[in-house]
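Worksheet for the structure shown next.
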Amino acid sequence: MIDCEGTWRPALPGTACNDNDPLTGNDTWGANCVCAGLVIDCEGTPGGTALPGTACNDNDPLTGNDTWGANCVCAGLGRSEGTPGGTALPGTACNDLNPNTSNDVWSANCVCAGVLANDCEGTPGGPAQPGTACNDNNPLTGNDTWDANCVCAGLLIDCEGTPGGTALPGTACNDNDPLTGNDTWGANCVCAGLVIDCEGTPGGTALPGTACNDLNPNTSNDVWSANCVCAGVLANDCEGTPGGPAQPGTACNDNNPLTDNDTWDANCVCVGLIDCKALLAALRCPARPATTTTRSPVTIPGMRTACALAC
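Offset between the sequence shown (1-based) and my numbering: plus 12.
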């Protein structure tokens with residue numbers, strides 16, 4: 013069969029081609045042997061829906077009606093009185109509904125406030141005007157300002173020290189402890205999580221010392237060990253001794269100088285953890301040919317941890 017390029021090659025309708033258009037992707041030959049691709053959208057997806065003029069999210073809480081622009085920049089309209097693209101912007105006239113003020117304008121924080129004949133501290137023509145800084149004497153707030161009714165109030169300081177921030181008690185955080193999960197800010201702003209149990213559940217009950225099932229019918233009194241190995245007591249221990257101490261989860265010696273923390277597993281196999289420092293000291297990389305510019309990964313069989321050396 014003669015293909016779309018007029019040769020006995022597999023350039024058939026439905027197969028891949030290149031339309032040489034950098035704005036398209038997933039190019040294929042059509043039924044009429046025209047090579048064409050799908051338009052790549054603003055998120056880099058061929059045939060995607062994120063096209064100029066469609067809705068997006070610029071992650072700016074001060075804008076609304078966000079859309080992709082012709083150059084694929086996601087941007088929204090500034091909010092005014094909560095209206096995207098509105099005219100009630102900082103510095104423009106407003107009405108604070110206070111008959112004792114004049115020249116009311118929106119402040120930079122979008123507080124509508126005017127100038128009092130006597131300021132909020134009772135000083136004629138004084139500077140303590142609505143919208144200006146004050147001190148509410150509350151150590152738990154920040155960015156304190158006089159409101160239109162001359163009440164000095166600030167924004168609650170969150171657990172990260174940000175006035176008006178979202179890191180409040182009960183909200184999610186990260187305590188940077190890999191042994192915990194579902195971390196949240198506490199009432200005293202300490203970020204803490206729940207201990208991840210031996211089954212990987214934050215706050216779970218499968219903790220070292222609690223009962224489990226090692227699925228070995230020859231054991232009894234199965235419990236999670238300190239290393240989260242579920243193991244029971246054998247009638248004959250791992251060395252064949254009736255009632256002996258070589259039980260699953262106890263220490264042993266696998267006679268491998270490159271491992272440590274050797275323990276009997278539930279199947280009475282003595283295994284340890286690879287000591288990467290010892291492995292580095294013991295191994296020597298083979299000489300590389302003069303033309304070799306990259307190193308190949310070397311993995312040691314039997315490793316229980318991802319300990320790979322670049323040689």
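From the three backbone atoms N, C-alpha and C, an ideal C-beta is built for every residue, glycine too.
Collapsed DSSP secondary structure at residue i in the structure displayed
| i | result |
| --- | --- |
| A140 | coil |
| T66 | coil |
| T104 | coil |
| C124 | strand |
| A199 | coil |
| T178 | coil |
| V46 | coil |
| T157 | strand |
| V85 | coil |
| T231 | strand |
| S237 | coil |
| N186 | coil |
| C250 | coil |
Classification of residue i by the beta-carbon crowding that lies within 10 angstroms, buried from 16 upward
| i | result |
| --- | --- |
| T271 | buried |
| A322 | In this prediction, A322 scores a pLDDT of 35, lower than 50, which makes its location untrustworthy; the coordinate-derived value is nonetheless stated afterwards. With fewer than 16 Cβ atoms within 10 Å of its Cβ, A322 is classed as exposed. |
| T217 | exposed |
| L246 | buried |
| L109 | exposed |
| P260 | buried |
| D234 | buried |
| G134 | exposed |
| T113 | buried |
| A160 | buried |
| A302 | Summary for A302: the model assigns pLDDT 43, below 50, so the residue's position carries little reliability; its value from the coordinates is reported in the next sentence. A302 is exposed by the Cβ-count criterion. |
Residue i - containing beta strand (DSSP E), residue span
| i | result |
| --- | --- |
| L167 | C164 to L168 |
| T36 | T36 to W41 |
| C242 | C242 to L246 |
| C29 | No beta strand (DSSP E) holds C29; DSSP gives it neither H nor E. |
| C282 | C282 to I286 |
Supposed close pair residue i, residue j - CB separation, criterion 8 Å
| i | j | result |
| --- | --- | --- |
| C124 | D116 | 6 Å |
| G42 | A48 | 6 Å |
| L335 | G37 | In this structure the chain extends from 13 to 323, so residue 335 is not present and cannot be described. |
| C162 | C210 | Their Cβ separation, rounded to whole angstroms, is 60 Å, which puts C162 and C210 out of contact at 8 Å. |
Heavy atom of the ligand ATP within 7 Å of residue i beta-carbon
| i | result |
| --- | --- |
| V281 | Of the ligands one can find in the structure shown there are none, so the ligand ATP has no counterpart to examine. |
Taking one C-beta from the stretch 209-229 and one from the stretch 277-287 each time, how about it: are there three or more such pairs within less than 8 Å? They touch, by the three-pair rule.
Taking contact to mean 3 or more Cβ pairs, one atom from each stretch, closer than 8 Å, check whether the stretch 187-194 and the stretch 230-239 are in contact. no
Would the stretch 123-140 and the stretch 172-190 be scored as touching if the rule is three or more Cβ pairs under 8 Å? no
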